[in-house]
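In the working numbering, the protein residues as written are -19 to 632.
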Amino acid sequence: MPLISDSIGRVLGKRYRLLSALGTGASAHVFLAEDVSLQRHVAVKVLQPGLASDEAFLKRFRAEARSVASLNHPHVLRVFDWGEDTDGPYLVLEYLGGGSLRDLLDRGDRLSHSQAAHLGTEVAQGLAYAHARGLVHRDIKPANLLFDEEGRVRVADFGVARALAEAAYTEPAGAMVGTARYISPESAEGKPLDGRADVYSLALVLYEALSGTVPFVSDTTQGTIMARIGSPLPPHEALGPLDDVLARAAAPEASARLDAAGFAARLGALASALPTPEPLALHPPDHVAPAPLNGFRAPAVSELTQVSPPAGKVKAPVGTKSGPGEIFDAEPTASGRRTGAPDGPPIVVRRRSRRKMWWIIGAVVLALALAAGAVLAVHDKLFTPSHPVPTLTGLTLDQARTAAGKDHFTLVVQKGVRSITVGVGVIVGQTPKVGKVLKEGATLSVVPSLGPPAVAVPSIAGMTCGQAVVTLKTAHLQGDCVTGQFSDTVQNGLLISWSYNGQQNPTRAPYGSTIDMVPSTGHGPVPVPTSISQSDTYNDALVLLQAVGLTGKEAYAPNNTIPQGDVISLSPPSSTLVPYGSTVTVTVSTGPPTVQVPNVIGETVSQATTTLENAGLNVAGVQGNPNGTAMGTDPPTNATVPTGSSVTILTH
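Written as structure tokens, this is what we have:
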């Protein structure tokens, strides 16, 4: 590329005269130029001459230049014209005199939270505007964020990065480092890009503007690129209230990242909640002073100063005039008179007389001045003590009144502002600034915090507590699961309700506040039905149990009084409260209890009687010799009979 100084004075496209160099990079020189047609200053970016022979680049450059020239947004740098010259393609841009964010950061300046939120909002709005029109910047960095003289930011170099990406031209080794510091993970991996790649880069730019460091930067370009793939944004105490929104804007996966419109909205909400930012300390970089525009001419020296009187004609000093406006134009003579002067005493005598008169007048004027000064001193409180303005920011209103009263200042409380970092009633701003010296009785104005602004509470119906906590966090709210409650309609583990400060299911709550959430512990306990009677069968009982959300289990037992197949009892018994869905055991009668007639053959009558009675049977009598040996029973041995039945002993 030719030396940048070689191009000064050239006229591109028969219209743009290059006046001075504004900067240079690996792929372009930037000049301050004069638009000789419209007589205005513009910036001209002349790209590397080698690009002129690259057809792929020229095709893309022409298309991108046309697209970018159609952008009209207050935070996108205007492109006025474009063309091709012997030195290479060039763009004609809006000229801004406030320097770049890179200039500001290189001086060691850092942005406050308010400044970063406002700057980020403006840049994200410009990006959202361009993204909606199908343009992705691809190279967002501090050097491409330019300011006008009033501190308004513009995004520069739209379209150039994409055109260069398709060029065969290769920048010198190491030239990519500046871009690699802010490149998105998907850009590093060569994946298709959309506007969220610009959002990632802007998040890293704001991170640097707040903290002074760029995350993921290592000793090599490759290391810098690889460090951010799959890695979330590292926390930094300097980020303050911007921590969460920057983390979302710099999510390693593009699908989880905010788009430019969402980024602008969240930063805008933060900006409105934070104190009004101080103006940026812009110091535009020095460059060669531009030549005057055509049609303008600086006045000559003779037009700025009065012409000296002709030789020989000198105005008389005060006291040598014979009348108003007279000028002696003759040379003095030996008598002390001037030839041509009016008759009268010698000039020296008149000078002494008039000098005395002027002394008298001066004394009178001095006396009057002293008197007036005394009056003014009283009126302007010149003798009233002065004190430095104390620090009131960070104090409560009562503390601020006490601090102001110590030096007899008057405190005026202005309309409060919302703040996400300062508690309600604490001072967030004051006028005049701390340290300015004021007289007693002067007024100090303070702005109290009204606490955090309200934010929309997202819908968390149908969520578990864990899911709701994550959802609330995205809206800058906290979630707290309190003791659960029974619910006949809400599934166990899902939320029944949520509240803030006693208000059920609120739609808005203060920034950072905690939402209390009540999860369902499922259906409440139910009583075992009392409608199940001993005349019911098991199936009858099961229907009644299922009607209240319980299940049944069948069991059997003999019973002398309840007929076979009817319900004897329930376990747990009727009226007992049991968990919803519990199982109740239903015991069903098998009729009276039975017993098998034991074998008593060979036993004496006395022995056989004892055996039968021990089995729950009654001995009806002895058939045969009462002193004989048993040879059987009636009913016979092993016959099943109801307990308590009568049995006859048979003997020889």
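A virtual CB, placed ideally from N, CA and C, is assigned to each residue, including glycine. Being a predicted model, the structure only gives us computed values, none of them experimental.
Alpha carbon of residue i to alpha carbon of residue j, nearest angstrom
| i | j | result |
| --- | --- | --- |
| THR617 | ASN607 | 20 Å |
| VAL392 | ARG398 | 18 Å |
| ILE163 | PHE243 | 18 Å |
| VAL225 | ARG237 | 10 Å |
| ALA241 | PRO559 | 51 Å |
| ALA96 | LEU190 | 7 Å |
| THR531 | LEU522 | 7 Å |
| GLY545 | THR517 | 6 Å |
| GLY175 | GLU233 | 13 Å |
| SER92 | ALA136 | 23 Å |
| GLN603 | VAL621 | 20 Å |
| ILE120 | LYS416 | 40 Å |
| PRO152 | ALA227 | With a pLDDT of 43 at PRO152, under the threshold of 50, the modelled position of that residue is not reliable, and no figure is offered here. |
| LEU31 | ASP67 | 9 Å |
| ALA489 | GLY561 | 39 Å |
| TRP339 | LEU346 | 10 Å |
| LEU222 | LEU247 | 8 Å |
| ASP460 | LEU250 | 24 Å |
| ASP239 | LEU107 | 9 Å |
| GLN410 | LEU430 | 15 Å |
| LYS413 | THR373 | 10 Å |
| THR589 | GLU534 | 38 Å |
| GLY63 | GLY(-11) | 18 Å |
| ARG113 | SER94 | 29 Å |
| THR390 | LEU418 | 11 Å |
| PRO486 | PRO438 | 9 Å |
| ASP89 | GLY192 | 8 Å |
| ASP387 | PRO257 | 28 Å |
| VAL528 | VAL506 | 7 Å |
Own chain residues within Cβ distance below 7 Å of residue i, not counting five before or after
| i | result |
| --- | --- |
| ALA230 | TYR180, ALA183, LEU184 and LEU213 |
| PHE138 | VAL48, LEU51, VAL56, ALA110, LEU115 and HIS117 |
| SER198 | THR204 and ALA207 |
| VAL294 | Because VAL294 carries a pLDDT of 38, less than 50, the predicted location of this residue cannot be relied on, and the following value inherits that uncertainty. Once the five neighbours on either side are set aside, VAL294 has no close Cβ partner at all. |
| ILE542 | GLN514, ILE548 and SER569 |
| GLY131 | GLY78, PRO259, LEU260 and LEU262 |
Other residues of its chain near residue i: CB distance less than 8 Å, five sequence neighbours each side excluded
| i | result |
| --- | --- |
| PRO172 | GLU166 |
| SER500 | GLY464, GLN465, PHE466, SER467, VAL470, GLN471, ASN472, GLY473, LEU474, LEU475 and ILE476 |
| VAL627 | VAL577, LEU592, LEU597, ASN598, VAL599, ALA600, THR613, ASP614, PRO615 and VAL621 |
| PRO553 | VAL508 |
Beta-carbon proximity of residue i to residue j, cut-off 8 Å
| i | j | result |
| --- | --- | --- |
| VAL426 | ALA383 | no |
| ASN605 | PRO572 | no |
| LYS(-6) | ALA8 | no |
| ASN598 | GLY624 | yes |
| PRO122 | SER80 | yes |
| ALA13 | ARG(-3) | yes |
| TYR70 | LEU(-8) | yes |
| LEU76 | ARG20 | no |
| LEU377 | GLY403 | no |
| GLY385 | PRO428 | no |
| LEU186 | GLY100 | yes |
| PRO368 | GLU420 | no |
| ILE629 | VAL575 | no |
| LEU452 | ILE495 | yes |
| VAL498 | VAL462 | yes |
Limits of the beta strand (DSSP E) - the one that residue i falls within
| i | result |
| --- | --- |
| MET443 | Here MET443 belongs to no beta strand (DSSP E), and DSSP marks it neither H nor E. |
| PRO428 | 423 to 428 |
| ASN618 | Note, ASN618: premise wrong, no beta strand (DSSP E); not H, not E. |
| GLY459 | 458 to 461 |
| HIS21 | 20 to 27 |
| LYS533 | 531 to 537 |
Endpoints, the alpha helix (DSSP H) within which residue i is located
| i | result |
| --- | --- |
| SER35 | Reading the sequence as shown, one finds Glu at residue 35 and not Ser. 35 to 49 is the extent of the alpha helix (DSSP H) around GLU35. |
| PRO165 | 165 to 168 |
| ARG58 | Counting along the chain, ARG58 falls outside any alpha helix (DSSP H), and DSSP gives it neither H nor E. |
| PHE243 | 240 to 253 |
| TYR70 | First-last for TYR70: 68 to 74, but that is the beta strand (DSSP E), not the alpha helix (DSSP H). |
Own chain partners of residue i with C-beta closer than 6 Å, once the 5 adjacent residues on each side are dropped
| i | result |
| --- | --- |
| ALA253 | ARG398, ILE400 and PRO433 |
| SER551 | THR565 |
| LEU525 | GLY532 and VAL564 |
| GLN105 | HIS55 and ALA244 |
| ARG58 | GLU74 |
Any C-beta of chain C under 8 Å from that of residue i
| i | result |
| --- | --- |
| LEU630 | The chain labelled as chain C is not found in the depicted structure, where only one protein chain is given. |
Contiguous alpha helix (DSSP H) assignments of at least 4 residues, all confined to the segment 206 to 231
223 to 229
Alpha helix (DSSP H) segments (min. 4 residues) lying fully within the segment 556 to 606
585 to 594
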